[in-house]
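Chemist:
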Amino acid sequence: MTEERTYAALPAPGAAGIPVLGNVLDFRRDILKAMHRGHAAHGDLVRYRLGPVTVHGVSSPELAAAVLTDTDRFGKLGPDNPLRLVLGEGLLTSDDHKSWLRNRRMMQPIYTKQSLAGMFATMGVSAAEQISHMSARYRTGAALDLHQEMMRVTLDIVSRCMFSTDVSRTLAGLGPDAVDVAINYAFDRLQNPFSPPTHWPTPRNRRFHQVMRGLDDLIYRIIAERRQSPGPTGDGDLLDMLLAARDADTGKGMTDRELRDEVITTFAAGHETTAITLTWAFYLLSRHREVLRRVQREVDDVLGDELPTPENLAAMPYALRVFEEALRLYPSAPIVPRLVLRDTELGGYRVPAGSRILVNLYGIHRHPRHWPDPERFDPDRFLPDVTKGRHRFAYLPFGAGPHLCIGKHFALMEAHLLLTALVRRWEFRHVPSHRVVNHATITLRPRYGMLMTMHQRTTSAARPAQAR
Ligand code: HEM
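With positions in the sequence shown counted from 1, the corresponding number in the numbering used here is that position plus 171.
1) Using the Cβ count rule (16 or more neighbours within 10 Å means buried), how would you classify Gly219?
2) Output needed for Thr591: all residues of its chain with C-beta closer than 6 angstroms, excluding positions within five of it in sequence on either side, in chain order.
3) Give the C-beta separation of Asp432 and Gly261 to the nearest angstrom, bearing in mind that I take them to be a contact with Cβ-Cβ under 8 angstroms.
4) Threshold first: 4 residues or longer. Then list the alpha helix (DSSP H) segments lying entirely within the segment 256 to 342, N to C.
5) Keeping to the same chain, check which residues put their C-beta closer than 6 angstroms to that of Met172; ignore five residues upstream and five downstream.
6) Any idea what DSSP makes of Asn609, helix, strand or coil?
7) With a threshold of 16 other CB atoms inside 10 Å of the CB of Gln301, please say whether the residue is buried or exposed.
8) Using beta-carbon positions only, say whether Phe365 and Gly214 come within less than 8 angstroms of one another.
9) By Cβ distance, which residues of its chain are closer than 6 angstroms to Val324, with the 5 residues on each side in sequence left out?
10) Would you identify the three-state DSSP class for His626, choosing helix, strand or coil?
11) Report the residue from Leu361, Lys559, Ala565, Leu554 whose alpha carbon sits nearest the alpha carbon of Gly534.
12) Determine, using beta carbons only, whether Leu615 and Ser503 come nearer to each other than 8 angstroms.
13) Determine, using beta carbons only, whether Leu414 and Arg392 come nearer to each other than 8 angstroms.
14) Hey, quick one: how far does the beta strand (DSSP E) through Gly228 stretch, first residue to last?
15) Please say whether Leu254 and Ala186 have beta carbons closer to each other than 8 angstroms?
16) Is Ile435 near Leu258, with beta carbons less than 8 angstroms apart?
17) Is any heavy atom of the ligand HEM found at a distance shorter than 7 angstroms from the C-beta of Arg276?
18) Is the segment 500 to 518 touching the segment 226 to 239 in the sense that three or more CB pairs, one from each, lie closer than 8 angstroms?
19) Does Glu429 come out as helix, strand or coil in the three-state DSSP assignment?
20) Please report the distance separating the alpha-carbon of Arg417 from that of Phe245.
21) Which whole-angstrom value describes the C-beta separation of Ser297 and Asp327, a residue pair presumed to lie in contact below a C-beta threshold of 8 angstroms?
22) Measuring only the C-alpha atoms, how far is Asp549 from Glu496?
23) Do Leu234 and Gly518 have their CB atoms nearer than 8 angstroms?
24) Counting only beta-carbon atoms, is Thr264 nearer than 8 angstroms to chain D?
25) Are Asn531 and Ser230 close, meaning C-beta to C-beta below 8 angstroms?
26) What's the gap between the Cα of Ala205 and the Cα of Ser400?
27) Between which two residues does the beta strand (DSSP E) containing Tyr520 stretch?
28) What distance in whole Å lies between the Cβ atoms of Val195 and Asn363, which are believed to be in contact at a cut-off of 8 angstroms?
29) How many angstroms separate the CA atom of Ala299 from the CA atom of Arg310?
30) Give the secondary structure of Leu239 by DSSP, where H, G and I count as helix, E and B as strand, and everything else as coil.
31) Within 7 angstroms: the Cβ of Ser503 and any heavy atom of the ligand COA?
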């Protein structure tokens, strides 16, 4: 086949950095601001330098579509991807297209809406327990860090969905922040090519290796136990389903190593992402009382004294739109990286093999050509009629193309459940003196947490109910 693309002669316009380091310091200080400045000055495709590495910031739906749908030209980062130190070669970090595709095909059926419906009850029990736990812990009016609370809740949910045990039993001894310690370590290395080698005995390296040994021991032990006494296939927990998954061509299942990588990937990719979007959603609700009142009315009308079920969730579309709009303004994975696999052209510019692409979801979700008044919080942007006219790649919090988030339905079901269950019982008010600054690591966290006061709602609908 002839190469139809003409090979553009010019490199993309570049954002000037300092000698040797290039744009490292700007990126470390605030990667989203640095990319926003680059976009404003140079347009949708901007070239940066992180020490020896050239990266291209992509900030338009059109270019994002070109990158994310073309796995021949734009692949996952290679073996030097620091996230591999934690996730191994699970779906998120594998750069071998063939083995990725095999595993993706094996796992896809687990994450369909239909298959996940069986997991709703587990999520519901966890949500009810976690909410009672919060009620017991905080009196009405008490201040709490909502980010920490949401992290606890979603970690418990993913832990029960994966292993059918609650998080305290799963992570006993390791500390609930083990996954975060590991991921933060890897992300720092992704952003800073001058990090000390992993085998140097620095305190941070030592802590990292200790956490990883603990996580690995734990996961391999659980896998071994489960292989010895398998649970039900079909609608058991996620581990049962992973163990039962078979390659359609060979009939073979996953090795222990593959299972370990997918389990830890699910923990890493699947708990903080949902937790922080819920945190941002409650922050936005506390600043937009009219939106909050509308969600409260919807929740009170539909739930009454009940807890959410798959059926009554469908009757609360506004709450889901709130979450979708929170994901637009604060996409929890704000930047999607790719490696350029061969010299090519993008947006009319030359993009060399070996350079990296950073698809800037945060910037795309505010692109002035696609989003009128982009900073305004307006869940009705996601009404079906409004969504219809929009560019398909203008909203991509779950990525796009073949690597589209496999946990999208899991995340939406979980977030819809938690948002409505919490709104039913509590109102969260942001503490005005608390500074809110977003901080993009691999996820988009509130840098100083999210200090809110928690107020019990007094409507009859807000009375406690038992998990069903
Ligand atoms: C609000 C919640 C979530 C957001 C915003 C989110 C976002 C994303 C994005 C942007 C990608 C694409 C990465 C890329 O193209 O390189 C992705 C991939 C992935 N996500 Fe999610 N995610 C969420 C929840 C989840 C959950 C709950 C799970 C698991 C239960 C999960 C598991 C994964 C996996 C395994 C991949 C890799 C898919 C592949 O390359 O085949 N995510 N996610």
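Even glycine gets a Cβ: it sits at the ideal position worked out from N, Cα and C.
Modeler: Quick answer:
1) Note on residue identity: the sequence assigns Tyr, not Gly, to residue 219. Answer is buried; the Cβ neighbour count reaches 16.
2) Val470, Pro479, Met487, Ala490
3) 4 angstroms
4) 268 to 278, 284 to 288, 291 to 308, 317 to 334, 338 to 341
5) In this prediction, Met172 has a pLDDT of 39, which is less than 50 and means its spatial position is unreliable; nothing more can be read from the coordinates.
6) strand
7) buried
8) no
9) Gln301
10) strand
11) Ala565
12) yes
13) no
14) 224 to 229
15) no
16) yes
17) no
18) yes
19) helix
20) 28 angstroms
21) 5 angstroms
22) 7 angstroms
23) yes
24) Given the protein chain composition of this structure (a single chain), no chain D is represented.
25) yes
26) 52 angstroms
27) 520 to 522
28) 7 angstroms
29) 17 angstroms
30) helix
31) Absence of the ligand COA from the depicted structure is noted, with the ligand HEM being the only ligands included.
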